[in-house]
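> So the sequences go chain by chain: A and B. Under this note's numbering, read the first sequence as residues 62 to 516, first letter to last. Under this note's numbering, read the second sequence as residues 78 to 302, first letter to last. I'd like to ask you about the structure that follows.
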Amino acid sequence: MKPVKSESAARSMSSESTFDPVSPARTEQRTAPRTAPRTSPRIWETPPAPVPPPHLDDYRSIVSSAVIDELRFLARDLKGKTLKMVNSTAVGGGVAEMLNRLVPLLGELEVSTHWDVITGGNDFFEVTKAFHNALQGAEYELTRHAQEIFLTYNDQNRQRMQFNEDIIVIHDPQPAALIRARQDGPARWIWRCHIDLSNPHPQVWAFLRPFIERYDAAIVSSESFARQLPIPQYLFYPCIDPLSEKNRQLDDTFVQKVCDEFGIDRSRPIVTQVSRFDRLKDPVGVVQAFKLAKKYVDCQLVLAGGGASDDPEGAIILKEVKEEAGNDPDVIILDLPPWCALEINALQQASTLVVQKSIKEGFGLTVTEALWKGKPTIAGAVGGIPNQVIDKLTGMLVHSVEGCAYQIRYLLTHPEFAAQLGRNGREHVKENFLMTTNLRRWLLLMQITLRRGTA
Amino acid sequence: MSATATTPQRTPVKPFYFNTSAHLRRITEYKANSLSDLLDAMRECPEDSIFQHTFRTLEEHHFLRAGFSNDFAHWALAACNEPSLAETFAGVDVREFIAVAELRERFIQILEKYLRENPESGTRVADEAFYFCASDTVVLPTSFVANTMHEFTEGVRHVSLHSIQHHFIEARLRIKLMSNDFSQWLHEDAGLTETARALNRIDIYTATLEDVRQHIVRIVERALS
């Protein structure tokens with residue numbers, strides 16, 4: 062973990078293990094008392110043990126009893142039906158994270174769900190990583206050798222696995238060729254694509270397409286990801302779990318503690334962007350917007366993310382961000398490891414405004430997280446963000462550094478309007494982007510697909 | 078609904094069964110990059126698409142009191158920068174239609190007129206495409222049944238907002254009347270004709286669906302007090 066402050070603040074650190082997050086300049090400006098920083102912050106330790114997944118009834122207080130009861134009614138006709146989920150990894154990544162929550166909830170609804178993970182050598186995962194990037198628009202030369210590797214490992218997995226369930230869901234391109242296990246019979250096969258297919262590499266898509274066409278249906282994460290296919294394509298937005306460490310309501314004393322450790326003054330407005338140090342998230346642009354806004358309104362900027370320690374480009378971006386921040390003690394840059402969900406949550410909850418000034422974006426789950434916490438959100442009008450941020454209703458969409466700066470100023474000086482955006486944003490997430498909505502979609506899809514199969 | 082006033086029966090003749098509906102969004106082959114494309118697609122798309130982008134989207138944005146009416150209006154403003162067209166689209170009140178075909182015709186008429194008056198707008202490329210989706214629907218029971226007026230108000234209080242949408246807004250497409258399931262039941266089975274009428278006057282475009290729920294409860298309770 063590398064908590065980093067802007068240049069002057071960073072110099073105040075004597076070593077990583079005795080991090081003092083408060084620079085001298087900041088101490089002068091601070092008005093609220095601060096607790097002593099921990100000598101061994103939790104976030105510097107190894108990842109914590111996973112928390113057991115919540116039960117369906119745990120969501121009642123969040124989405125209402127009626128909504129949970131509806132899920133039970135939806136599942137009633139599916140009792141005894143079986144479902145198999147197949148993906149390429151059991152841990153790490155958004156798909157595994159989602160399945161880790163979804164599978165137990167389906168089980169609780171007596172929809173017996175079996176989750177299988179494909180295996181493969183490094184050569185397979187190198188090929189599928191390249192496919193993944195190519196399908197999202199990257200340059201790639203598809204060789205016969207790569208195709209053989211892809212098909213060989215898919216065949217090995219096909220022979221190893223059983224496909225006796227009523228519905229088989231294959232996630233993403235890696236195991237897509239498992240469809241060759243399909244036999245005559247009532248089982249329905251669904252391809253769930255989590256990646257952006259709006260501009261796929263023509264060769265790679267041409268190679269995969271014949272497999273996809275053999276499925277009964279496909280699921281994509283955005284309207285623009287749908288392709289011309291002879292099968293129905295459904296829209297499942299990505300979702301967040303309101304009971305996860307990253308999204309659950311935190312005790313204010315913990316929020317205060319995290320802010321104290323990072324030298325964030327809660328008595329002054331806090332503008333936060335949570336994202337990897339990645340050019341496409343435009344953290345440099347965020348610092349520039351902050352500096353423009355700060356000429357007129359008092360505020361601090363928190364840039365919290367990761368990727369600088371394990372990604373060479375991330376380190377370059379981090380350096381650029383620090384250079385842009387210069388000696389400003391109000392720019393607080395935090396390079397956090399992936400297991401800091403609670404700290405990220407606390408930073409979001411402490412924020413007055415959240416910014417996600419992306420230049421390119423998938424869906425933008427950090428936006429969903431901010432909206433769920435009721436935070437007025439300013440975000441780039443790219444990727445899936447406009448599905449979440451309806452301009453001037455659930456947040457503010459921006460297209461430039463100047464636009465972002467203006468909206469920071471506007472929202473900080475119009476707190477009632479900002480609060481209304483925050484309330485609307487939270488309701489938008491509650492209705493459309495929570496785990497319970499995702500569960501509802503899966504149950505509906507099962508009903509519709511099985512019904513279509515018997516029609 | 079008959080205009081003849083009837084004596085409130087307080088004990089309804091038949092129970093009211095609260096149902097709900099769940100929708101899954103399917104992406105269709107229809108897509109528009111300009112207003113001309115939109116017109117073509119509006120003419121050809123399945124009725125489920127018109128339903129999705131009007132009735133259904135209203136439910137997806139039920140928490141907004143203003144500024145959102147239907148997807149066509151939103152796209153005309155956000156992606157085409159055509160505020161006048163957006164305003165006219167937004168003025169289409171789904172409660173005035175008992176069939177999706179009529180609703181589709183209304184949007185087509187508005188767009189045809191607009192493009193006649195503003196031909197240069199037809200081929201201008203929108204900032205982002207409009208993807209026609211459709212709604213696959215499953216109707217479900219709930220655990221709420223009203224045998225008395227008290228049980229009715231308790232049901233309205235506690236069912237999900239999906240159920241309110243199902244009975245109060247989407248119902249007209251099923252019953253083919255300028256009314257809703259609640260009003261029909263109050264009039265036909267509970268003898269509360271004026272209350273039924275009052276429910277039909279609730280403005281769903283300037284209130285959230287939660288506000289609508291509260292309005293319904295207040296109106297019914299006032300009638301019973």
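We put the beta carbon where it would ideally sit given N, CA and C, even for glycine. From a predicted model like this one, the values you see are computed outputs, not experimental measurements.
Out of 428(A), 433(A), 448(A) and 445(A), which has the shortest C-alpha to C-alpha gap to residue 439(A)?
On the first sequence, residue 439(A) is found 378 positions in, with the first residue counted as 1. Out of 428(A), 433(A), 448(A) and 445(A), 428(A) has the C-alpha closest to the C-alpha of residue 439(A).
> Is it true that the CB of residue 430(A) sits closer than 7 Å to the CB of residue 308(A)?
If you number the first sequence from 1, residue 308(A) lands on position 247. If you number the first sequence from 1, residue 430(A) lands on position 369. Yes, the Cβ-Cβ distance between residue 308(A) and residue 430(A) is below 7 Å.
> Roughly how many angstroms lie between the CA atoms of residue 230(A) and residue 347(A), to the nearest whole one?
As a working mapping, residue 230(A) is identified with position 169 in the first sequence. As a working mapping, residue 347(A) is identified with position 286 in the first sequence. Whole-angstrom Cα-Cα distance: 40 Å.
> For residue 210(B), which residues does DSSP report across the bridge?
In the second sequence, the residue the question calls residue 210(B) occupies position 133. Answer is 104(B).
> In three-state terms, what does DSSP make of residue 143(A)?
Within the first sequence, residue 143(A) is the residue found at index 82, counting from 1. Correct three-state label for residue 143(A): strand.
> Can you find the residues in the same chain that come closer than 7 Å, C-beta to C-beta, to residue 237(B), ignoring five residues on each side of it along the sequence?
Indexing the second sequence from 1 puts residue 237(B) at position 160. If we look at residue 237(B) and ignore the five residues flanking it on each side, its Cβ neighbours are 97.
> First and last residue of the beta strand (DSSP E) that includes residue 176(A)?
Locating residue 176(A) in the first sequence gives position 115, where the first residue counts as 1. Start and end: 173-178.
> Leaving aside the five residues before and after residue 259(B) along the sequence, list all residues of the same chain whose C-beta is less than 7 Å from its C-beta, in chain order.
Your numbering for residue 259(B) matches position 182 in the second sequence. Here the set comprises 244, 245, 276 and 293.
> Cutting at 8 Å between CB atoms, please list the residues of its own chain near residue 311(A), excluding the five before and the five after it.
Taking the first sequence and counting its residues from 1, one reaches residue 311(A) at position 250. Contacts found: 403, 406, 407 and 410.
> Whose Cβ in chain A lies nearer than 8 Å to the Cβ of residue 236(B)?
Indexing the second sequence from 1 puts residue 236(B) at position 159. Result: 127.
> What's the C-alpha gap between residue 196(B) and residue 206(B)?
Along the second sequence, one-based indexing puts residue 196(B) at 119. Along the second sequence, one-based indexing puts residue 206(B) at 129. Their backbone Cα atoms lie some 19 Å apart in a straight line.
> Return the Cβ separation of residue 148(A) and residue 233(A) in integer angstroms, given the expectation that the two are a contact with Cβ distance under 8 Å.
Start at 1 with the first residue of the first sequence, and residue 148(A) comes out as number 87. Start at 1 with the first residue of the first sequence, and residue 233(A) comes out as number 172. Correct: roughly 6 Å between the Cβ atoms.
> Checking the sheet assignment: what are the DSSP bridge partners for residue 148(A)?
Start at 1 with the first residue of the first sequence, and residue 148(A) comes out as number 87. Answer by DSSP bridge pairing, in chain order: 178(A).
> Got a sec, what are the start and stop residues for the alpha helix (DSSP H) residue 244(A) sits in?
For the purposes of this step, residue 244(A) is taken as residue 183 along the first sequence, with counting starting at 1. Per DSSP, residue 244(A) belongs to no alpha helix (DSSP H) and is neither H nor E.
> How about residue 130(A): is its C-beta nearer than 7 Å to some C-beta of chain B?
The count along the first sequence starts at 1 and reaches residue 130(A) at position 69. Output row for residue 130(A): interface = yes.
> Terminal residues of the continuous beta strand (DSSP E) containing residue 327(B)?
Look at the range of chain B in this structure, 78 to 302, and you will see that residue 327(B) is not part of it.
> Would you mind telling me which residues of chain A sit closer than 7 Å to residue 210(B), beta carbon to beta carbon, in chain order?
In the second sequence, counting from the first residue as 1, residue 210(B) sits at position 133. Result: 284 and 296.
> Are there 16 or more other CB atoms within 10 angstroms of the CB of residue 263(A), so buried, or fewer, so exposed?
Residue mapping note: residue 263(A) aligns to position 202 of the first sequence, counting from 1. So residue 263(A) ends up on the exposed side.
> Here's the rule: buried if 16 or more other CB atoms are within 10 angstroms of the residue's CB, otherwise exposed. What is residue 260(A)?
Numbered from its first residue, the first sequence carries residue 260(A) at position 199. When all chains shown are included, residue 260(A) counts as exposed.
> Where DSSP assigns a beta bridge to residue 96(B), which residues make up the other side?
Sequence index remark: in the second sequence, residue 96(B) carries index 19 (1-based). Bridge partners of residue 96(B): 218(B).
> May I ask which residues mark the beginning and end of the beta strand (DSSP E) holding residue 334(A)?
As a position in the first sequence, residue 334(A) is number 273, starting the count at 1. Where residue 334(A) is concerned, the enclosing beta strand (DSSP E) stretches over 331-335.
> Give the interface partners of residue 103(B) over in chain A, defined as CB-CB distance under 8 Å, in chain order.
The residue given as residue 103(B) occupies position 26 in the second sequence. Ordered by position in chain A, the residues that pass the 8 Å Cβ test against residue 103(B) are 293, 294, 295 and 296.
> Report the neighbours of residue 508(A) on chain B: residues whose CB is nearer than 7 Å to its CB, in chain order.
Translated into positions along the first sequence, residue 508(A) becomes position 447. Chain B residues near residue 508(A): 215.
> Is it buried or exposed for residue 220(A), if we count other Cβ within 10 angstroms and need 16 for buried?
The residue labelled residue 220(A) in the question sits at position 159 within the first sequence. Residue 220(A) should be labelled exposed.
> Given a cut-off of 7 Å on the beta-carbon distance, is the pair residue 167(B) and residue 178(B) in contact?
In the second sequence, residue 167(B) corresponds to position 90, counting from 1. In the second sequence, residue 178(B) corresponds to position 101, counting from 1. In this structure, residue 178(B) does not lie closer than 7 Å to residue 167(B) by Cβ.
> Can you tell me which residues form a DSSP beta bridge with residue 456(A)?
Here residue 456(A) refers to the residue found at position 395 of the first sequence. Residue 456(A) is bridged to 452(A).
> Please return the same chain residues whose Cβ sits closer than 7 Å to the Cβ of residue 302(A), not counting the five positions on each side in sequence.
Residue numbering aside, residue 302(A) sits at position 241 when the first sequence is read from its first letter. Excluding positions up to five away in sequence, the list reads 162, 308 and 496.
> For residue 274(B), which of 296(B), 286(B) and 289(B) has the nearest alpha-carbon?
Residue mapping note: residue 274(B) aligns to position 197 of the second sequence, counting from 1. Minimum Cα distance to residue 274(B) is reached at 296(B).
> Just how far apart, CA to CA, sit residue 301(B) and residue 462(A)?
The residue you call residue 301(B) lines up with position 224 of the second sequence. The residue you call residue 462(A) lines up with position 401 of the first sequence. Each residue's alpha carbon lies about 58 Å from the other.
> With three or more C-beta pairs closer than 8 Å as the rule, is the segment 206-216 of chain A touching the segment 281-294 of chain A?
Contact fails: fewer than three Cβ-Cβ distances are below 8 Å.
> Between the segment 140-173 of chain B and chain A, which residues of the former have CB atoms less than 8 Å from a CB of the latter, in chain order?
Listed in sequence order: 140, 141, 144, 145, 151 and 155.
> Please look up how many angstroms separate the CB atoms of residue 446(A) and residue 351(A), rounded, as I've assumed it's under 8 Å.
Locating residue 446(A) in the first sequence gives position 385, counting from the first residue. Locating residue 351(A) in the first sequence gives position 290, counting from the first residue. No, residue 446(A) and residue 351(A) are not in contact; Cβ-Cβ is about 19 Å, not under 8 Å.
> Is any beta-carbon of chain A found at less than 7 Å from that of residue 176(B)?
The residue given as residue 176(B) occupies position 99 in the second sequence. Not an interface residue.
> Could you check where the beta strand (DSSP E) with residue 415(A) kicks off and where it finishes?
Position 354 of the first sequence, counting from 1, holds the residue named residue 415(A). It spans 414-417 - the beta strand (DSSP E) in which residue 415(A) sits, taken as one unbroken run.
> Assuming residue 141(B) contacts residue 454(A) under a Cβ cut-off of 8 Å, what Cβ separation, rounded to an integer in Å, is found between them?
Sequence index remark: in the second sequence, residue 141(B) carries index 64 (1-based). Sequence index remark: in the first sequence, residue 454(A) carries index 393 (1-based). The pair is a contact, with the Cβ atoms about 6 Å apart (cut-off 8 Å).
> Helix or strand or just coil, what does DSSP make of residue 400(A)?
Mapped onto the first sequence, residue 400(A) falls at position 339. The answer is coil: DSSP assigns residue 400(A) none of H, G, I, E or B.
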